[in-house]
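A.B. asks: Residue 130 in this note's numbering is what sits at position 130 of the sequence shown, and the numbering runs on without skipping anything.
Encoded as structure tokens, here's the structure I'll be asking about.
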Amino acid sequence: MKPRDIPNLITGLRILLVAPFLWLLLKEHYGAALVLFVVAGISDALDGFLAKYYGWTSELGGILDPIADKLLLLGAILALGWLHELPGWLVMLVLVRDALIVGGAIGYHFLIARFQAAPLMISKLNTLLQLTLVLVIVANHGIMPLPTWLLETLIGLTTLTTVWSGVAYVWRWGHDAWRQHHHPSDRPPPSS
Numbered sequence: 001m002k003p004r005d006i007p008n009l010i011t012g013l014r015i016l017l018v019a020p021f022l023w024l025l026l027k028e029h030y031g032a033a034l035v036l037f038v039v040a041g042i043s044d045a046l047d048g049f050l051a052k053y054y055g056w057t058s059e060l061g062g063i064l065d066p067i068a069d070k071l072l073l074l075g076a077i078l079a080l081g082w083l084h085e086l087p088g089w090l091v092m093l094v095l096v097r098d099a100l101i102v103g104g105a106i107g108y109h110f111l112i113a114r115f116q117a118a119p120l121m122i123s124k125l126n127t128l129l130q131l132t133l134v135l136v137i138v139a140n141h142g143i144m145p146l147p148t149w150l151l152e153t154l155i156g157l158t159t160l161t162t163v164w165s166g167v168a169y170v171w172r173w174g175h176d177a178w179r180q181h182h183h184p185s186d187r188p189p190p191s192s
């Protein structure tokens, strides 16, 4: 193993944390689940720092890192929905948005042009709010009760940014597809 493989190793370990985290969450062991969630967050920051600071980036890391993040976050949202800690409609909204983005990315890649993953700022904000919402709900049960208004505000902001980011991706890819169709000279060369 080379030093440049360390970020991918950390990401792999984060993926392995998902199953025990979800198990603890579903068993309502919120304190232990919170510890694993924080460890996963620290590992995400650490592998990102190492990859950027030392230039230890790789194509594999570019694929594994968002998969690890999505497994943890989506798993947590599904588990909290199952436990009735999150409203079912919000869980469905998050699932529909993610399915729309994945389906749109695949469709764009195969029908329009090679897809380059470049998250929009609203999508980054949405991910941050989803993470914060999960953290607050788990902390609410695992450490100390938090004010109801905080949970309600986070649910509202998460809902808003989930819809906004979904619409923003549809708009962006739809606009790019329209431009590619009406101005084929703008089309990037096919990848070899």
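From the three backbone atoms N, C-alpha and C, an ideal C-beta is built for every residue, glycine too.
In this text, all values refer to a predicted model and were calculated from it rather than measured experimentally.
1) Which residues in the same chain have their Cβ closer than 8 Å to the Cβ of F21, if we skip the five residues on either side of it in sequence?
2) Give the list of continuous beta strand (DSSP E) stretches no shorter than 3 residues that lie fully inside the region 33-86.
3) With DSSP as the reference, label L120 as helix, strand or coil.
4) Alpha carbon to alpha carbon, how far is A105 from V96?
5) Going by CA-CA distance only, name the one from S43, T57, R114 that's closest to P3.
6) Do L64 and T11 have their CB atoms nearer than 8 Å?
7) Enumerate in chain order the residues of its own chain whose CB-to-CB distance from L120 is below 8 Å, with the five nearest sequence positions on each side excluded.
8) Go to P20, then tell me how far its alpha helix (DSSP H) extends in each direction, as first and last residue.
9) Please determine if the region 148-157 and the region 129-139 are in contact, where contact requires at least 3 C-beta pairs separated by less than 8 Å.
10) Quick one: residues in its chain with C-beta nearer than 8 Å to the C-beta of K70, no 5 flanking neighbours on either side, listed in chain order?
11) What separation, rounded to the nearest whole angstrom, lies between the Cα atoms of V138 and K52?
12) Assign A19 to buried or exposed, taking buried as 16 or more other Cβ atoms, counted over all protein chains shown, within 10 Å of its Cβ.
13) Would you mind sorting P102 into buried or exposed? The rule is 16 or more other CB atoms within 10 Å of its CB.
14) Among the residues of its own chain, which have a CB less than 6 Å from the CB of I143, if the five just before and after it don't count?
15) Is it right to say T162 is buried, meaning 16 or more other beta carbons lie within 10 angstroms of its own, or is it exposed?
16) Rounded to whole angstroms, what is the Cα-Cα separation between W178 and G55?
17) Closer than 7 Å by C-beta to V91: which residues in its own chain qualify, once you throw out the five before and the five after it? Chain order, please.
18) Relative to the C-alpha of E30, which candidate in L83, P7, I67 has its C-alpha closest?
C.D. replies: Taking the coordinates as given:
1) Cβ neighbours of F21 beyond the five flanking positions: A33, L36, F37, A40, L72, G75, A76.
2) For the region 33-86, not a single whole beta strand (DSSP E) run of length 3 or above is found.
3) Here L120 sits in coil by DSSP.
4) About 14 Å.
5) Minimum Cα distance to P3 is reached at T57.
6) Cβ atoms of L64 and T11: closer than 8 Å.
7) Same-chain partners within the cutoff: S165, A168, Y169, R172.
8) Segment 6-26, the alpha helix (DSSP H) holding P20.
9) Taking a cut-off of 8 Å on C-beta distances, the region 148-157 touches the region 129-139, as three or more cross pairs fall below it.
10) Same-chain partners within the cutoff: D98.
11) Going from the Cα of V138 to the Cα of K52 covers about 30 Å.
12) A19 comes out exposed.
13) The amino acid at residue 102 is misidentified as Pro; the sequence shows Val. Per the 10 Å Cβ criterion, exposed.
14) Result list for I143: empty, nothing under 6 Å.
15) By the neighbour-count rule (16 or more Cβ atoms within 10 Å), T162 is buried.
16) So the two alpha carbons sit approximately 36 Å from each other.
17) In the same chain as V91, and ignoring 5 residues on each side of it, the C-beta atoms closer than 7 Å to its own belong to I77, L78, G81, in chain order.
18) Per the sequence shown, residue 30 should be read as Tyr rather than Glu. With distances taken between CA atoms, Y30 lies nearest to L83 out of L83, P7, I67.
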